Structure formats: C-alpha cells, structure tokens
Ligand code: FAD
C-alpha cells in the first residue's frame, strides 16, 4: 500500500474524502460514489472519524472494504475525542494490522456529554502516538482562517507549525480564495515549516449547507464569494453552477501556484468532483 509521504515526494496528489455510512441507503450511495470516482485514479482517499465505539466500527469497516475490494490507497482519520489513550493505541494498532499506512491525526470537536471524554488534548499528541504505533505517513488539519478555539491567528499558526514539525503533511479546512491558502503557506514558511499543505476543496452545491458547515468550523465565507453565488438568484441549479465555477477557478489558481495536492470534500457524492475534474482536464485517458 502506498504511503502519502512517498506519493507527495513523487509529485502532486489528488484525493477524495468520504464519511462512513450510517445506514444501508448511505452505504449504497458511498459504494456508487466510490465506483464513479475510482476511474479518476485518485492518489488516495480518506475516511472521516467521529469518535466513540460506533464511529470506530464504521470507519474501520470502510477502510477495510477499500483495502480488500478496491485498488485505492486509504487514509484513516482519527480524533482524540471519546477514547482514553490506551484505546486510541488499540485503534491505531488495529489500523496497522489491516494494512493502513496513512493516518490523519485530529483533535476533534466535542461530542454529546456521554462521549465528550478526552485524555489526549491535541492532535499533536495523537501524531506522537501514531508514530509509536508505526505510522510513517501522518497528516494533520490546517485552518487557513485560524481555528475557532485559538485566541488569535498568530498563536494558531505557531501551534500549527509545531504540529507540522511532528507530522508529514497537512490538509486544510475548506476555503474559497487563493490568498487564504497563500497567507497560510507564507506564515508557515516564516516559521521555517515547508511540509506539504494540501488544499481542501469544497464545491458549493448548496449555499445554505456550506454556510452552515463554515459556521461550524468557525470560518466566514468571503462576502464577495457569497455575492457571486447569489447574484444569479436563488434557483438551486444556478447556485450550484456558480459554486462549481468558483471551485474550478480556485483549483486552477492553486495548481498554477504550485499546490502540492488538492483534497476534495465529496460529502459522499461524485458529480461535483467529476465536473471539476473534467473542466480542469484532469480526467485520466
Ligand atoms: P488541534 O491541532 O488539536 O488544535 C485544536 C486547537 O487547539 C487549535 O486552536 C490549536 O491552535 C490549539 N492547540 C493545538 N495544540 C496546542 C497546544 N499544545 N497548546 C494549546 N493549544 C493548542 N473532525 C472530526 O471529528 N472527524 C474527522 O474525520 C475530521 N476530519 C477533518 C479533516 C480535515 C482535513 C480538517 C481540516 C478537519 C477535520 N475535522 C474532523 C475537524 C477537526 O477535528 C476540528 O477542526 C477540530 O476542532 C480541531 O482539530 P485539529 O486537529 O485542528 O486540532
């Protein structure tokens, strides 16, 4: 199985993110999406993790399925939330045992009271645990606008720089303008951190849901982007079309700027990602 560190050393990566299905309908949707996206030959695909026993089973099931039934390279997400240290060690050992080479180590967000337990506080501690469990390819999250729990952007960048010194690469939260990515990269370079930072791409297919997700992650969608999306009225097809235009332009700018990787938040759908691939002429022959 490929390590993302090796893939990044060899060139630019293109990757897709999925979340584990909660029921049979969602499972059918994910299977269809994976089948639709596989011909795009992604460098790797990643599977999110929420925290707690059920999430552990669901994420592991998807990752094992990808290893057994596809030629795709998976990356398992893991958060510090809802598990004591020994259990996180067990989960990491379990991932290694089924052949997972790539880990995205995350702090995670608080869960409902009964599961909000945390023994490891920060993603950086999970990176260290991952290393001790044998992971040679570990990514972390980066927040171009800063993390909402950070007191200010400077301290957020300092923490990210320290985290990236331990990890191999970062993947950003979604954003919509090249300047947001460039500012992050410059701030890291000023701290002598030059590890690859992959750009997280979320095509706007519904303004309401993107604004909601942005709010949850403490990110303000730039006003001019909102205006551009809504300038054609509130017809859902027009909003979707304008959202895809924004994503295509962003990807194109990022590729020109030399981004080491594009990571698509698919939300378990394939259509928007395939459309962007086609318009950027990224579809393999
Ligand atoms: P951390 O790096 O731990 O940072 C959290 C906060 O603590 C920041 O404010 C940081 O500046 C601060 N901090 C860090 N280290 C220290 C320190 N030593 N001392 C003091 N402060 C410190 N969530 C999920 O639940 N499941 C997923 O699968 C998932 N996947 C994601 C994938 C990507 C690419 C991204 C960008 C995010 C993802 N998230 C996921 C969301 C993520 O868990 C949240 O954003 C979470 O709130 C923070 O995670 P983090 O890894 O950035 O945390």
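Numbering (our numbering), first residue to last: -12 to 272.
Ideal Cβ positions, reconstructed from N, Cα and C, are used throughout, including at glycine.
Remember, it's a predicted structure, so these values are computed and weren't measured experimentally.
- Message: Below 8 Å on the Cβ atoms is my contact criterion, and I expect residue 60 with residue -11 to pass it. Report the Cβ-Cβ distance as a whole number of Å.
- Response: 4 Å
- Given that a residue counts as buried once 16 or more other Cβ atoms are within 10 Å of its Cβ, and exposed if not, what is residue 70? buried
- Task: Would you mind reading off the limits of the beta strand (DSSP E) that contains residue 1?
- Result: 0 to 5
- With a CB to CB cut of under 8 Å and the five nearest residues on each side skipped, what residues in its chain are close to residue 216? 191, 194, 226, 229, 230 and 233
- Task: Output the residue ranges of the beta strand (DSSP E) runs that lie fully inside the stretch 92 to 156 and measure 3 residues or longer, sorted by chain position.
- Result: 124 to 129
- Message: Buried or exposed, going by whether 16 or more other CB atoms sit within 10 Å of the CB of residue 265?
- Response: exposed
- Please report the residue range of the beta strand (DSSP E) in which residue 249 lies. 248 to 252
- Task: Would you decide whether residue 142 is buried or exposed? Buried here means 16 or more other CB atoms lie within 10 Å of its CB.
- Result: exposed
- Message: Measuring only from the beta carbon, is residue 250 closer than 8 Å to any heavy atom that is part of the ligand FAD?
- Response: Yes, Cβ of residue 250 sits closer than 8 Å to a heavy atom of the ligand FAD.
- From the DSSP output, in three-state form, read off residue 158 for me. strand
- Candidates 9, 257, 32 and 65, of which the one nearest residue 127 by Cα: 65
- Roughly how many angstroms lie between the CA atoms of residue 62 and residue 43, to the nearest whole one? 14 Å
- Would residue 84 pass as a contact of residue 114 if the rule is Cβ separation under 9 Å? no
- Pick out whichever of 263, 182 and 6 has its Cα sitting closest to the Cα of residue 37. 6
- Query: Mind checking whether the beta-carbon of residue 39 lies closer than 8 Å to any heavy atom of the ligand FAD?
  - Reply: no
- Whole runs of the alpha helix (DSSP H) within the stretch 3 to 44, excluding any shorter than 4 residues: 11 to 24
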